[in-house]
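Let me begin by presenting the structure, written as structure tokens, before commenting on it.
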Amino acid sequence: MTEIRNYQEADWQKLLQLILSEGDEWSDYSSEGTRESYRLAVKESSTFVAFAEDVLVGYCRCRIDGSFGVYICDLLVNQQFRGRKIAQQLMEQVCKEYPEQIIYVMSDVDGFYESKGYRKEGSIFEVKIVE
Numbered sequence: 001m002t003e004i005r006n007y008q009e010a011d012w013q014k015l016l017q018l019i020l021s022e023g024d025e026w027s028d029y030s031s032e033g034t035r036e037s038y039r040l041a042v043k044e045s046s047t048f049v050a051f052a053e054d055v056l057v058g059y060c061r062c063r064i065d066g067s068f069g070v071y072i073c074d075l076l077v078n079q080q081f082r083g084r085k086i087a088q089q090l091m092e093q094v095c096k097e098y099p100e101q102i103i104y105v106m107s108d109v110d111g112f113y114e115s116k117g118y119r120k121e122g123s124i125f126e127v128k129i130v131e
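Mapping of the sequence shown onto full-length UniProt numbering: residues 1 to 131, in sequence order.
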């Protein structure tokens, strides 16, 4: 059984291990130069974690825009636990936490969300590339 709850600072090392297990795909968050900044972003965001026993198997990080919406910025489930509706449970927790808000997902895997029946609402464009 999966337990979904609010992130706690004590979860950081387990969350970092999950991110590191994804390899280069999530390296923007896990490199030596960005790791501490991302830890602070997770702490300052509305973040939910999914545990199976004592193993952190997924998480969802959201940014709250006042009364204008909730933006799911990051959603990740351990590859070994995919297909068990953990991502859906995490998103449902966001909906429960913010019942009066519109929930948006910032995605680079649109097919996943389309398969869930979620309506596509615009696009995200990178305006400035920092090198």
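Idealized CB from N, CA, C, for every residue including glycine.
Output needed for residue i: all residues of its chain with C-beta closer than 8 Å, excluding positions within five of it in sequence on either side, in chain order.
i, result
"Leu-15", "Tyr-7, Val-42, Val-49, Leu-56, Tyr-59"
Take residue i as the anchor and find which of the options has the nearest alpha-carbon.
i, options, result
"Glu-126", "Tyr-118, Thr-47, Asp-108, Glu-114", "Asp-108"
"Thr-2", "Glu-9, Gly-23, Ser-123, Gln-88", "Gln-88"
"Gly-122", "Lys-116, Val-105, Arg-61", "Val-105"
"Ser-83", "Arg-35, Ser-46, Ser-115", "For clarity, residue 83 is Gly in the given sequence; the question names Ser instead. For Gly-83, the nearest C-alpha among the options comes from Ser-115."
Note down, in chain order, each residue of its chain lying with its Cβ closer than 6 Å to the Cβ of residue i, except the 5 sequence neighbours on either side.
i, result
"Ser-30", "Ile-19, Leu-20"
"Cys-73", "Arg-61, Arg-63, Met-106"
"Phe-81", "Val-57"
Identify every residue that forms a DSSP beta bridge with residue i.
i, result
"Phe-48", "Asn-6, Cys-60"
"Val-105", "Ile-72"
"Val-55", "Ala-52"
If you follow the beta strand (DSSP E) that residue i is part of, which residue opens it and which one closes it?
i, result
"Asp-74", "70 to 77"
Tell me which residue opens and which closes the alpha helix (DSSP H) that residue i is part of.
i, result
"Gln-88", "86 to 97"
"Tyr-29", "27 to 30"
"Phe-112", "110 to 115"
"Ile-19", "12 to 20"
Ignore the nearest five residues each way along the sequence and tell me which others in residue i's own chain have a CB closer than 7 Å to its CB.
i, result
"Tyr-113", "Val-105, Ser-107"
"Ala-52", "Thr-2, Phe-81"
Please report the Cβ distance between residue i and residue j, rounded to the nearest whole angstrom; I am assuming they are in contact, meaning their Cβ atoms lie under 8 Å.
i, j, result
"Ser-46", "Glu-97", "7 Å"
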